[in-house]
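Trainee: Sharing a structure with you now.
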Amino acid sequence: GEDVEQSLFLSVREGDSSVINCTYTDSSSTYLYWYKQEPGAGLQLLTYIFSNMDMKQDQRLTVLLNKKDKHLSLRIADTQTGDSAIYFCAESGGSSNTGKLIFGQGTTLQVKP
Amino acid sequence: KAGVTQTPRYLIKTRGQQVTLSCSPISGHRSVSWYQQTPGQGLQFLFEYFSETQRNKGNFPGRFSGRQFSNSRSEMNVSTLELGDSALYLCASSLGDREASPLHFGNGTRLTVT
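If you read the protein sequences in the order shown, they are chains F and H. Oh and the first sequence: position 110 is 110 in the working numbering, straight run, nothing missing. Oh and the second sequence: position 75 is 188 in the working numbering, straight run, nothing missing.
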């Protein structure tokens, strides 16, 4: 079945790089997403990657996709205290699942000054 | 462009009552999806509406229902509330006309059932 797994917690020092990892099971997923959730807020779309891409870079964010291993990672360069939040990985499934994303449990990123 | 707007932000209801949540999508977006977020189950898909029709549905009981209006605004209704329905309900909108249409979420409605 569809499943997305993430580690639950990551702690880094301000200025370091953060790497959040995710594995998924649905090989038909066309798009994979990263969302950020701050306390009391909804989900903010950070970036997404098409399944035929290996990498996507957007300012401080780098997404790496290993389709063979169904592994997705999000690297945040020069991590700031404002990056402290919960980060969710999500897969889109096939086109029949428009509107339905399968989310991981979320990784809490703690950035220490 | 205004983002996805959900009202109200907070609701407190009693077990057995019903509740209606509202969502206004981003202008031009025709798809609205609803999700339930709880500490135990995480983010779970409820249903998706596109052009006033339910196009996709998750595994929730019939007490959870929704509808979409001609202006793409959507409402979600939960009848006969149970304590376990306490959650953050998130609405997301997208263009909806192709799969490469990322979901943009609102800030949610926090429902507490006592």
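Don't be surprised by glycine CBs; every beta carbon is placed ideally from N, CA and C.
(1) How long is the line joining the alpha carbons of L8(F) and F218(H), rounded to whole angstroms?
(2) Looking at chain H, is there any beta carbon in it that lies within less than 9 Å of the beta carbon of K100(F)?
(3) At a Cβ cut of 7 Å, what residues of the region 34-63 of chain F count as close to chain H, listed as they run along the chain?
(4) Going by DSSP, what residue range makes up the beta strand (DSSP E) through T62(F)?
(5) Strictly by DSSP, which residues pair up with H142(H)?
(6) Tell me which residues of the region 153-165 of chain H have at least one Cβ-Cβ distance to chain F shorter than 9 Å, keeping chain order.
(7) For the 8 Å Cβ check, are there 3 or more pairs between the region 134-148 of chain H and the region 179-199 of chain H?
(8) Identify the residues that DSSP records as bridge partners of R223(H): which are they?
(9) Flag G106(F) as yes if its beta-carbon sits less than 9 Å from any beta-carbon of chain H, otherwise no.
(10) If you measure between the beta carbons of G221(H) and A41(F), is that distance less than 9 Å?
(11) How far does the beta strand (DSSP E) with D58(F) in it reach, from first residue to last?
(12) Report the residue from T98(F), N52(F), F88(F) whose alpha carbon sits nearest the alpha carbon of L10(F).
(13) When we look at the beta-carbon of Y124(F) and count the other beta-carbons within 10 Å, is it buried (16 or more) or exposed?
(14) Bridge partners of Q105(F), per DSSP?
(15) Determine the contact status of S17(F) and D78(F), defining contact as a CB-CB distance below 9 Å.
(16) Between I49(F) and R128(H), what straight-line distance do the alpha-carbon atoms span, to the nearest angstrom?
(17) Among V111(F), T47(F), D3(F), which has the Cα closest to the Cα of L216(H)?
Mentor: Let me lay it out:
(1) Taking the first residue of the first sequence as 1, we reach residue 8(F) at position 8. Taking the first residue of the second sequence as 1, we reach residue 218(H) at position 105. Spanning the two alpha carbons is a distance of roughly 22 Å.
(2) The sequence position of residue 100(F) within the first sequence is 100, counting from 1. Closer than 9 Å: yes.
(3) A41, G42, L43, L45, Y48
(4) The residue given as residue 62(F) occupies position 62 in the first sequence. 61-66 is the span of the beta strand (DSSP E), which, as asked, contains T62(F).
(5) For the purposes of this step, residue 142(H) is identified with residue 29 of the second sequence, where counting begins at 1. Residue pairing from DSSP leaves H142(H) without any beta-bridge partner.
(6) G155, L156, Q157, F158, F160, E161, Y162, F163
(7) Yes: at least three Cβ pairs fall under 8 Å.
(8) Within the second sequence, the letter at position 110 stands for residue 223(H). DSSP, once it has assigned bridges, lists Y123(H), L201(H) as partnering R223(H).
(9) Looking up residue 106(F) in the first sequence gives position 106. Interface residue, yes.
(10) Counting from 1 along the second sequence, the entry for residue 221(H) is found at position 108. Counting from 1 along the first sequence, the entry for residue 41(F) is found at position 41. Here G221(H) is near A41(F), since their CB atoms are less than 9 Å apart.
(11) For the purposes of this step, residue 58(F) is identified with residue 58 of the first sequence, where counting begins at 1. Per DSSP, D58(F) belongs to the beta strand (DSSP E) from 55-58.
(12) The residue you call residue 10(F) lines up with position 10 of the first sequence. Out of T98(F), N52(F), F88(F), F88(F) has the C-alpha closest to the C-alpha of L10(F).
(13) Residue 124(F) lies beyond the range of chain F shown here (1 to 113); nothing can be said about it.
(14) Counting from 1 along the first sequence, the entry for residue 105(F) is found at position 105. The partner list for Q105(F) (beta bridge, DSSP) is empty, contrary to what the question assumes.
(15) Position 17 of the first sequence, counted from the first residue, corresponds to residue 17(F). Position 78 of the first sequence, counted from the first residue, corresponds to residue 78(F). In this structure, D78(F) lies closer than 9 Å to S17(F) by Cβ.
(16) Position 49 of the first sequence, counting from 1, holds the residue named residue 49(F). Position 15 of the second sequence, counting from 1, holds the residue named residue 128(H). Taking the straight line joining both Cα atoms gives about 42 Å.
(17) Stepping through the second sequence from its first residue, residue 216(H) is reached at position 103. Minimum Cα distance to L216(H) is reached at T47(F).
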